[in-house]
Structure formats: C-alpha cells, structure tokens
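Novice:
This is the structure we're talking about:
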C-alpha cells in the first residue's frame, strides 16, 4: 500500500487545462483544440472614419473605398496596419 503512494507521479503541466498563454504560443495544429491564427477585423480609417473589413493575413494592399487611404500593407505573415488605424476582431 505504501509502495503505490510513493510511486505516484506528479506532472509538471496540467495537460487537460493548459494556460492560455502557453496555448497561444503553440503551433495551430498542436494546440489542445485546433484553431487558426488568422481572423477578420474591422479597420477604421483615420481620415473619414469609415469601417472596412480586412483579413489579418491580407496579401494585397487594402485601400479605403471613400478616401483612398492605405489601411494595411502585406508582409510575409500578418498585414501591418497603417499608423493611426484602429481595429477590432470580428466574432
């Protein structure tokens, strides 16, 4: 009886309830529940305050329809927003 109590193994990490910070750093396919890294967002133009929907990993330059201001520039991964633009994730 005492032998089994002494051999009880203690895990360093809880595998069923991982921390959110740890899950966010993992690869999208190695998370406990597979989720994509990309998202859609509403971007507000700093000039005319019109809202445009933009993909987070946009591969083309996104321009405001009303005032032709550049809202974001593509990079190798996530698109960089122009300075002064505000955004929020869409649900």
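In the working numbering, the protein residues as written are -4 to 86.
A virtual CB, placed ideally from N, CA and C, is assigned to each residue, including glycine.
Here the structure is a predicted model, which is why all the values come from computation and not from measurement.
Go ahead and pull the three-state DSSP assignment for residue 26.
Specialist: Taking the chain shown and counting its residues from 1, the one referred to as residue 26 is at position 31. Reduced to three states, the DSSP call for residue 26 is coil.
Novice: Report the three-state DSSP secondary structure of residue 56 (helix, strand or coil).
Specialist: Here residue 56 refers to the residue found at position 61 when the chain shown is read from its first residue. Three-state DSSP puts residue 56 in coil, outside helix and strand.
Novice: Buried or exposed: which applies to residue 19, given that a residue is buried once 16 or more other Cβ atoms fall within 10 Å of its Cβ?
Specialist: Residue numbering aside, residue 19 sits at position 24 when the chain shown is read from its first letter. Exposed.
Novice: By a C-beta neighbour count over all protein chains shown, 10 Å radius and 16 as the cutoff for buried, is residue 67 buried or exposed?
Specialist: One-based indexing of the chain shown puts residue 67 at position 72. It counts as buried.
Novice: Is the segment 16 to 30 close to the segment 53 to 64, with three or more CB pairs under 8 angstroms?
Specialist: no
Novice: When you compare each of 71, 72 and 41 to residue 58 by their alpha carbons, which one comes out closest?
Specialist: One-based indexing of the chain shown puts residue 58 at position 63. Of the candidates 71, 72 and 41, the one whose C-alpha sits nearest the C-alpha of residue 58 is 41.
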